[in-house]
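Data first, discussion second: the structure below is written as structure tokens.
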Amino acid sequence: MKVNYSEIGLKIGLECHQQLATREKLFCGCKPELFKGEPEILFLRRLRPTQSELGQIDPAAYFEFQKGVRILYEANSETSCLVEMDEEPPHELNREALDIALTIALMMNAKPVDEIYVMRKIVIDGSNTTGFQRTCVVAVNGSITVDGKEIPIQHISLEEDAARKMGEEGLVIRYRIDRLGIPLVEVTTGPVISTPEEAERVALAIGRILRATRRVKRGIGTIRQDLNISIKDGALIEIKGVQELELISKVVEYEVQRQLNLLKIRDELRRRGLREEELKEDFVDVTPVFKGTGCRILQRAINEGKPILAVRLPKFNGLLGFELIPGLRLGSEMSDRAKFWGRVGGILHTDELKSYGVSDGEIVELRRYIGASPEDAVVLVADRIENAIDALKAVIERAREALKGVPEETRAANPDGTTRYMRPRPGAARMYPETDIPPIKITGDYLERLRANLPEHPEEKVKRLIRNYGINEKLARQLIDSEYDELFETIVRETGVTSTVVAATLTETFKALKREGVNVDALSEEQITEVFRLIGLGKTSKEAIPEIVRWLVAHEGAKPEDAVRELGLTMIPEDELEPLIDGYLSRNRGLIAERGLGALGALMGMVMKDLRGRVNPEVVNRILRKKLAEIVKH
Amino acid sequence: MNFHQVAGVLRGMSERLPGYKGLALKVLLDVGAEIGDLMRITKGSVVFEGILIPRSEYSDDRHIVIKNRSGYNVGIEITPETRVERIGAEMKPTFIPPPPPEQKPGLPRVTILSTGGTIASRVDYRTGAVRPVISASDLYSIVPELADIAVIDAEILFSVFSEDLTPKHWSAMAEAVARHIVGGAQGVVIAHGTDTMGYSAAALSFALQSLPVPVILVGAQKSEDRPSSDAAMNLIGAVLAASKAPFAEVAVAMHETPSDESVVLHRGTKVRKCHTSRRDAFKTINAKPLARVMNNEIIMLTDDYKPRNPERKITLKANFDERAALIKFYPGMNPKIIDWHVSEGYRGIVLEGTGLGHVRRECFPAIRRAIESGVIVGMTSQCIWGRVNMNVYSNGRDLLAMGVIPLGDMLAETALVKMMWCLAQSSDPEEVKRLLLTNVADEFSSRSVETIEAPKTIVSS
């Protein structure tokens, strides 16, 4: 679908969350690491919704509580203590994390606040044992420049990461609290981004600045983007947890498509003359219709003694099956809601009943039984009666929203760029002060110290690398994104290998090896430097790098010298090389007779094919050229 | 200045702009700002907009705190280039309790007495301060489950942090409990700060004799305004015990483990706060807990209890003599500490000795002087677990010979409370000694048994 984004008024704001590489967690002395295997500690909790400072209770949270949802927390003693278990008040804010957050703030030209207040942001899905996330704004009003456009940075916050969801069994949700309390920096842009591609470029630029501090965590899950997306007549949708940069533009494209299609459905419903009052919570037990049905889902429910409850959605025929984005229909949005509010497995509806093995006769009978006209849709839920009622209420609610357009909600990103319903958007008033932590004053001296030690800004570094090392801009940027930029400078300084060779190896060669499945990240900086030192000393050649790296990765802890020896990649000295080349020349007299000097390329290819990595191609070329000229002359 | 501002001045500034003083106060007064007003503070290129928030009383006078649109509080320093404007009055947040649930007929009547502490308080969202708000309707609205258990009658006795409670408060509590029981309550719950809840529980155990119904003290380690608070579950457990438990004793109801699974009921004379912050901070020492509340059922953990009997007439002995002290012995302790108590007119001293009940020989003359001048000296152990036995070592035998009274396996804190209570019951030292050694409220156990483990049910859930 081709979309003119400025015409539809697309506005995107980003929230980048980056884990910091501190020695301890944000509010205690635990290791900021995850653990594998079985937990040593288990405890079970309930979170009770409390009134916000405006005296309101979050309806979704209250609903979950009433259902009796319990949370089983998993922990081990290395990565969690009583603070994460909410059995001990938080310790003071981790100053190392504050240093990093303020460093990032200064790099983004943001103005640090004079006094930092830690707040509690109510989150009672279980991801925080306390029922709130501790968070504080450290700086405001920053900006970064991306492709010449100024992107305002509204605020930079420091907050604790949440627990990891491990599973859900009935009314028990399992969370692991190892991740809880890992320091996160949150960078929030203004809603000024106007295309999907721009969103991705802004995220990349923010990521570069974060990584330039060298004090942020790397790897999957350590950086997460939330996107706030809105279009004209649509709604502000918050999409949580996009882990891969490359997914951002796709998520935006899909969200725009979803909203546009929901608006189409709205228009169609209006055209059909649907009025909100027509959507009624009249639920009918239609179990008798499906006695002896061929539909396995319904048959199983009947066997388990669960009723089949139905509701009529007037004038919705055909619209539930309408695809919003690949794999997501209005029916699936209703199903998500039904699962959330009713804890049912899902819903069935008349637009898709046939594909579930329901016969035409049964559909006709269903419509007759419930009094649905051909213009209407019918939604079915087969579950315990209370759950089924809650589920169908949620379906009716979603149908009402369809008539209005796009409902405001928080959605979660799927790995393919589509999204799913997560929860209603939380109200604005869900923050109150963390009374256990005193405010922290930010003094001028402290900021001066941080300013004096600011890391080089990535954009400046690109310019300096080009200027000082004569590499091109593409290589310079790749180096920075690869985070080998510092190592690059060390290697060039210490080994004397040409800067372009070093840069291309650290970026393109390594990338190609990674694609092959070679875990290049396992190499230490010393190992990499040593490989180049051997090249600089003429003990091996740059062509041998891929083979050496493969061998080193396969032989943990080995030295590059061992690789060169084991692989037989030691350079052949020139006096040994000459007789070898003589051999190639004598074996190919016919070729030389035929092509004369033109045989050079072919001969070069043969020599290099056999001796790659053990000879310097320039040396081979020189010797070949000289000897070939002699032969041709005679 | 309008009427309200004048009134504010007359009331004193702290009420209108709590926490602000000096420069910050002056700047805010100049623009006529009040807490909750919408402010704009401009500082160079940066503009902060938000609601004016009170400051902690110990903060400096150079910062103004506002809550910005997204809910974050930030402090802004007042410098010569800072411009402060009041741009409007924002909605003032107030606590609006949800409507109380429907009262069910035929349920037992339970009184909840509130004395203060974490359980009976909630945070003031504007100030972050904790304030008491427990009325019956507050309780129903915050913990609607209570309406399924009992008809609640609530009374706020006082709003005091538990470390500020004194023996006079114990007397007032005991009198209030007796009044409500005589008035027909089928159980009484006392919401109490946790720090000294063990002392109050012991005090009530002695003061309320021949109880017809249970008296349950309950606290919380996390305040009720937090989603993870233990307050609601402890309170539900306490009200359930007050209304249904088969025993008629004073007990403390708190979490049994870090999990929200069970509330355990500790006998008032055998309970101690053993952790600064955990939910399961309270432990029964040297005995089995009385009962456990789990899945809305009460499971008795001992057969040895005084049964509930609404016909029984309560006996109130609510007086305590504060001229008693608890002195913890430590290596090198100066014996003059004991002499000082004697010269100040103390009538009883409970020593918290080492091990089986010892103090250094240097203290012996002072202890002898105390006893000779009529002070009753009892011995407990700082080991917490176990009972004193002063026949094992010669130091112990010498102290016994001097007239020091070994107090068995009684908790040191309980022993102090009992000393105060005994001293108030009689002026005859021999009668006080007799009472001190009489098992009044199961403060002594004759056998030392292995304590039982908390249930490990979460694994199977």
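Those protein sequences? They're chains A and B, same order as listed. Going by my numbering, the first sequence opens with residue 1, and the numbers climb by one from there. Going by my numbering, the second sequence opens with residue 1, and the numbers climb by one from there. No residue lacks a Cβ here, since even glycine has one placed at the ideal position from N, Cα and C. Here the structure is a predicted model, which is why all the values come from computation and not from measurement.
Which residue wins for smallest C-alpha separation from residue i, given the options the options?
i, options, result
"B/Arg179", "B/Trp340, B/Lys317, B/Met379 and B/Glu344", "B/Lys317"
"B/Arg278", "B/Leu204, B/Asp230 and B/Ile298", "B/Asp230"
"B/Ser427", "B/Thr380, B/Gly374, B/Ser446 and B/Leu400", "B/Gly374"
"B/His255", "B/Cys274, B/Phe247, B/Pro167 and B/Leu411", "B/Cys274"
"A/Leu298", "A/Lys31, A/Pro49, A/Glu92 and A/Gly357", "A/Gly357"
"B/Glu102", "B/Ser262, B/Thr79 and B/Leu146", "B/Leu146"
"B/Asp339", "B/Phe364, B/Thr354, B/Val252 and B/Pro54", "B/Phe364"
"A/Arg646", "A/Leu580, A/Pro579 and A/Lys539", "Given a span of 1 to 634 for chain A in the structure shown, any question on residue 646 of chain A remains unanswerable."
"B/Phe158", "B/Leu113, B/Ala150 and B/Tyr140", "B/Leu113"
"A/Leu106", "A/Pro455, A/Arg384 and A/Ser373", "A/Pro455"
Under 8 angstroms by Cβ, that's how I've got residue i and residue j pegged, so tell me the actual separation to the nearest angstrom.
i, j, result
"A/Glu74", "A/Leu42", "6 angstroms"
"B/Val350", "B/Ala370", "Contact doesn't hold; Cβ gap of about 12 angstroms is too wide."
"B/Ile314", "B/Val182", "7 angstroms"
"B/Ile35", "B/Leu23", "Actually they do not touch by this definition, with Cβ atoms about 18 angstroms apart."
"A/Glu574", "A/Val518", "That pair is no contact at about 32 angstroms."
"B/Arg360", "B/Leu423", "So it is not a contact: roughly 27 angstroms between Cβ atoms."
Taking 8 angstroms as the CB-CB cut-off, is residue i touching chain B?
i, result
"A/Met166", "no"
"A/Glu7", "no"
"A/Met107", "no"
"A/Leu44", "yes"
"A/Ile124", "yes"
"A/Thr495", "no"
"A/Pro89", "yes"
"A/Val252", "no"
"A/Arg430", "yes"
"A/Pro439", "yes"
"A/Val344", "no"
"A/Val69", "no"
"A/Val185", "no"
Kindly list, in the order they appear in chain B, the residues whose Cβ is closer than 8 angstroms to that of residue i.
i, result
"A/Asp178", "None at all; the shortest Cβ gap to chain B is about 17 angstroms."
"A/Leu82", "Ser277 and Arg278"
Give the residues of chain A in contact with residue i, contact being defined as C-beta atoms less than 8 angstroms apart.
i, result
"B/Asn309", "Near B/Asn309 there are no residues of chain A at all, since even the closest Cβ is about 35 angstroms away, more than 8 angstroms."
"B/Ile76", "Val113, Asp114 and Glu115"
"B/Ala232", "Arg48"
"B/Val46", "Lys111, Val140 and Asn141"
"B/Glu261", "Leu44"
Report yes if the C-beta distance between residue i and residue j is below 8 angstroms; otherwise report no.
i, j, result
"B/Pro413", "B/Ala202", "One point to set straight first is that residue 413 of chain B is Glu, not Pro, in the sequence displayed. In contact: B/Glu413 and B/Ala202 (Cβ atoms closer than 8 angstroms)."
"A/Arg70", "A/Val172", "yes"
"B/Arg40", "B/Val47", "yes"
"A/Tyr117", "B/Val74", "yes"
"A/Ile223", "A/Gln18", "yes"
"A/Gly142", "A/Met108", "yes"
"A/Glu409", "A/Arg430", "no"
"B/Val293", "B/Ser262", "yes"
"A/Ile237", "A/Glu255", "yes"
"A/Val381", "A/Val344", "yes"
"A/Leu247", "A/Gly13", "no"
"A/Ala558", "A/Leu567", "no"
For chain A, is any of its Cβ atoms less than 8 angstroms away from the one on residue i?
i, result
"B/Pro258", "yes"
"B/Arg279", "yes"
"B/Ser460", "With a pLDDT of 39 at B/Ser460, under the threshold of 50, the predicted position of this residue should be treated as unreliable, and no value is reported."
"B/Thr427", "Sequence inspection shows Ser at residue 427 of chain B; the Thr mentioned does not correspond to that position. By this cut-off, B/Ser427 is not an interface position."
"B/Ser59", "yes"
Against residue i, what residues of chain A qualify as contacts under a CB-to-CB distance less than 7 angstroms, listed in chain order?
i, result
"B/Asn73", "Tyr117, Met119 and Pro433"
"B/His63", "Asp114 and Glu115"
"B/Asp225", "Thr50"
"B/Ser228", "Arg45, Leu47, Asp86, Thr129, Thr130 and Gly131"
Applying a beta-carbon distance threshold of less than 7 angstroms, which residues of chain B neighbour residue i?
i, result
"A/Met85", "Pro258"
At 9 angstroms on the CB atoms, spell out the chain B contacts of residue i, in chain order.
i, result
"A/Val137", "Asn68, Ser70, Tyr72, Asn73 and Val74"
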